[in-house]
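For what it's worth, the working numbering labels the leading residue of the sequence shown as 919, then goes sequentially.
Note that CB positions come from ideal geometry on N, CA and C, so glycine has one too.
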Amino acid sequence: PQADFMLVGEDPGFQEEQKRGPFVGPAGEKLNQILKAMGLSRERVYISNVCKFRPATRNQTTNNRKPSREEMATSLPFLKAEIDVVKPRVIVALGGSAAQGLLGSDKPVGQLRGSWHQFQGIPLRVTYHPSYLLRQEDGLGEKRKVWEDMIFVMERYHLASCSSLSPEMAMFTPIGSKDSRACSSSLAAAAKNEALITCRSTMAVLQDKKNSYHGKKYTKHILNICKILCMY
Ligand code: URA
919 PQADFMLVGE DPGFQEEQKR GPFVGPAGEK LNQILKAMGL SRERVYISNV
969 CKFRPATRNQ TTNNRKPSRE EMATSLPFLK AEIDVVKPRV IVALGGSAAQ
1019 GLLGSDKPVG QLRGSWHQFQ GIPLRVTYHP SYLLRQEDGL GEKRKVWEDM
1069 IFVMERYHLA SCSSLSPEMA MFTPIGSKDS RACSSSLAAA AKNEALITCR
1119 STMAVLQDKK NSYHGKKYTK HILNICKILC MY
């Protein structure tokens, strides 16, 4: 398999062990929503984990404890081999374990996100784990941070094909860039979509773009139909 975009999570949970694939439970559903908002499908990305197998410990009641440093180190050669085959142009580490395992750092996600790192010479961005978003009662602030992290990835690598630009993504596409035609048709589609659900960051960018040609044309209509909030 080859993919431009690789996501690395923590380790397989109960459902992943049953179905023998990464992110097939609730966290996987959340991840699918994030990818959809980016205009990507699971088929276009490669999803893996920093830890491949996590033995049950004594008195362990759930299967979902964090992997230890040793467990992650044991799996690292397998992950490196996967990366050699997949040859991604960008990697996103989902959550603290993935980030710490890949970067050999002790810092929390809050400190590691927001800048570019490297793993085996490949640019790497850190963001929150989808399970963390699921645990937030009002997770809009955290969702917004994940979305902002993904926007950096998308902007730098143009991972979405023009035809599949989501309306949200279109808002972030610089007017006049080579994607601007897709941007315009995507915004037009958004304007027609009465059920469009969007998020605060989209609203903020709409405000920024309101004086541009596309912004002027569609912003008012989109603002009217935006139900705010929750893009994913
Ligand atoms: N969480 C992960 O980090 N990885 C999975 O594969 C599933 C849930």
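Which of helix, strand or coil DSSP assigns to residue i
| i | result |
| --- | --- |
| VAL963 | strand |
| GLY946 | helix |
| GLU928 | coil |
| PHE941 | coil |
Any non-hydrogen atom of ligand 1 closer than 7 Å to residue i Cβ
| i | result |
| --- | --- |
| ASN967 | yes |
| PRO973 | no |
| ALA1017 | no |
| GLU947 | no |
| PRO940 | yes |
| SER1049 | yes |
| GLU934 | yes |
| ILE1022 | In the sequence as displayed, the identity of residue 1022 is Gly instead of Ile. No; taking the cut-off as 7 Å, the Cβ of GLY1022 has no heavy atom of ligand 1 nearer than that. |
| GLY943 | yes |
| SER1014 | The residue asked about is misnamed: residue 1014 is Gly in this sequence, not Ser. The answer is no for GLY1014. |
| GLY1039 | no |
| GLY1028 | no |
| GLY931 | yes |
N- and C-terminal bounds of the alpha helix (DSSP H) containing residue i
| i | result |
| --- | --- |
| GLN1029 | 1027–1030 |
Residue i CB to nearest heavy atom of ligand 2 below 7 Å
| i | result |
| --- | --- |
| GLU928 | With respect to ligand 2, the structure shown offers nothing to examine, as its ligands consist of ligand 1. |
Host beta strand (DSSP E) of residue i (start-end)
| i | result |
| --- | --- |
| VAL971 | Looking at the sequence itself, residue 971 is Phe, so the reference to Val does not match. Careful: PHE971 lies outside any beta strand (DSSP E) and carries neither H nor E. |
Test: residue i CB closer than 8 Å to a CB of chain B
| i | result |
| --- | --- |
| ASP1056 | Any reference to chain B falls outside this structure, which holds one protein chain only. |
- Item | Whole beta strand (DSSP E) elements within the stretch 985–1059, 3-residue minimum | Listed in chain order, the beta strand (DSSP E) elements of length 3 or more contained wholly in the stretch 985–1059 are 1008–1012, 1035–1037 and 1040–1045.
- Message: Assess contact between the stretch 1036–1044 and the stretch 991–1011, defined as three or more Cβ pairs (one per stretch) separated by less than 8 Å. Is contact present?
- Response: yes
- Quick check: the stretch 947–955 against the stretch 1025–1041, are there 3 or more CB pairs under 8 Å? no
- Task: For the stretch 926–933 and the stretch 1016–1032, state whether three or more C-beta atom pairs, one from each stretch, are separated by less than 8 Å.
- Result: yes
- Decide if the stretch 1060–1075 is in contact with the stretch 960–976; the criterion is three or more beta carbon pairs, one per stretch, under 8 Å apart. In this structure the stretch 1060–1075 does not lie against the stretch 960–976, because fewer than three pairs of beta carbons, one per stretch, are closer than 8 Å.
- Task: Please confirm if the stretch 933–948 is in contact with the stretch 982–999, defined as three or more CB-CB distances below 8 Å between the two stretches.
- Result: no
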